[in-house]
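S.K.: Just so we're aligned: the sequence shown equals residues -8 to 258 in my numbering. Mind looking over this structure? Questions follow.
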Amino acid sequence: MENVMKVVICPTAEHTTALTARVIERAVRQKPDIVLGLATGRTMEAVYAHLVTAHRQAGLDFERCRTFNLDEYAGIAPSSARSYRTYMDEHLFSRVNIVHSATHVPDGSADDIAAQCAGYEDAIRASGGVGLQLLGLGENGHIGFNEPFSAFTSRTRLVTLDPATRQQNVGMFDDDLTQVPYHAITMGIATILDARRTVMVVNGQAKAEMLARVIEGPMTASISATALQMHADCLIIADEAAAGALSRRAYITHLMQHDPELRALLS
């Protein structure tokens, strides 16, 4: 396997989410006890819907899987309708045959946040490590809630959210910015890079310039997703709108046509 960031450009957002789900489905079928790193957001809702369909119509079995979510808002209880635990239960966990105790989401309401973060790292290590980490891309280039200037060596920790991130996520809070937390728990960049494979799905013109910087620009702590350039097995799946600012389209197309792994994936 080549140690090169691989990029697949799909016609539409519907194609990206279907392809992302197919990557996850193949990973689960190949290794039924895989540890999945999961993400949230509107794009992921479509990914999870495809996985639910694969479970119900094609027998995709999650019974032996274990999962770790990237992040959670601080001060939000797992039982809250606005928590990422509730999001995951509603969009995936309650709709497939995964064992609920094998799913992990940081507890944003924990009394001792530092202990919660350290324990999360311990649990990931005890599981054998994440086999496939699903990622989105924030408009400011973050992965997880690793905001600008996050160290590439960072681990699971409490972070202060960028105002742009709070604004981007205000829809989860009835469009009331005053209700959006200022802090969150997130896997660190080093935690994410520990995953054996990373898969990032990106849609929409609003993220085109940032995606180009992530793929083609220099690595910088100002854009945490640029750290993925160091990962030995990173796949980025983008729609045409998100790929609109890429300058190396010819090489990306060449890889899609001639890289054995990508050809198998797209066949």
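Beta carbons: idealized from backbone N, C-alpha and C, even for Gly.
Just the Cα atoms here: how many angstroms apart are E5 and A233?
M.R.: Rounded to the nearest angstrom, the two C-alpha atoms are 13 angstroms apart.
S.K.: Unbroken alpha helix (DSSP H) runs of length 4 or more, entirely within the region 94 to 168: which are they?
M.R.: DSSP runs (the alpha helix (DSSP H)) wholly in the region 94 to 168: 104 to 117, 154 to 159.
S.K.: Taking the C-alpha atoms as reference points, what is the distance between P97 and L42?
M.R.: Approximately 23 angstroms, taken between the alpha carbons.
S.K.: Using the three-state DSSP reduction, which class does T177 fall into: helix, strand or coil?
M.R.: In this structure, T177 counts as strand in the three-state DSSP scheme.
S.K.: Report all residues from its chain with a CB closer than 7 angstroms to the CB of T7; omit the five preceding and five following residues, and keep chain order.
M.R.: So the list reads C1, V192, N194, I228, A229, D230, once near-sequence residues are dropped.
S.K.: To which residues of the same chain is Q170 closer than 6 angstroms at the C-beta, ignoring the five residues directly before and after it?
M.R.: Counting only Cβ-Cβ distances below 6 angstroms, and skipping sequence neighbours, we find F164.
S.K.: Judging by CA-CA distance, which residue of T144, L149, Y173 is the nearest neighbour of Q158?
M.R.: Out of T144, L149, Y173, Y173 has the C-alpha closest to the C-alpha of Q158.
S.K.: Please state whether DSSP places Q18 in a helix, a strand or coil.
M.R.: Residue identity differs from the one stated: residue 18 is Ala in this sequence, not Gln. Residue state, collapsed to three classes: helix.
S.K.: In this structure, does DSSP put A171 in helix, strand or coil?
M.R.: At residue 171 the sequence reads Val, which differs from the Ala that was named. Three-state result, V171: coil.
S.K.: Which stretch, first to last residue, makes up the alpha helix (DSSP H) that contains I243?
M.R.: Note, I243: alpha helix (DSSP H), 240 to 249.
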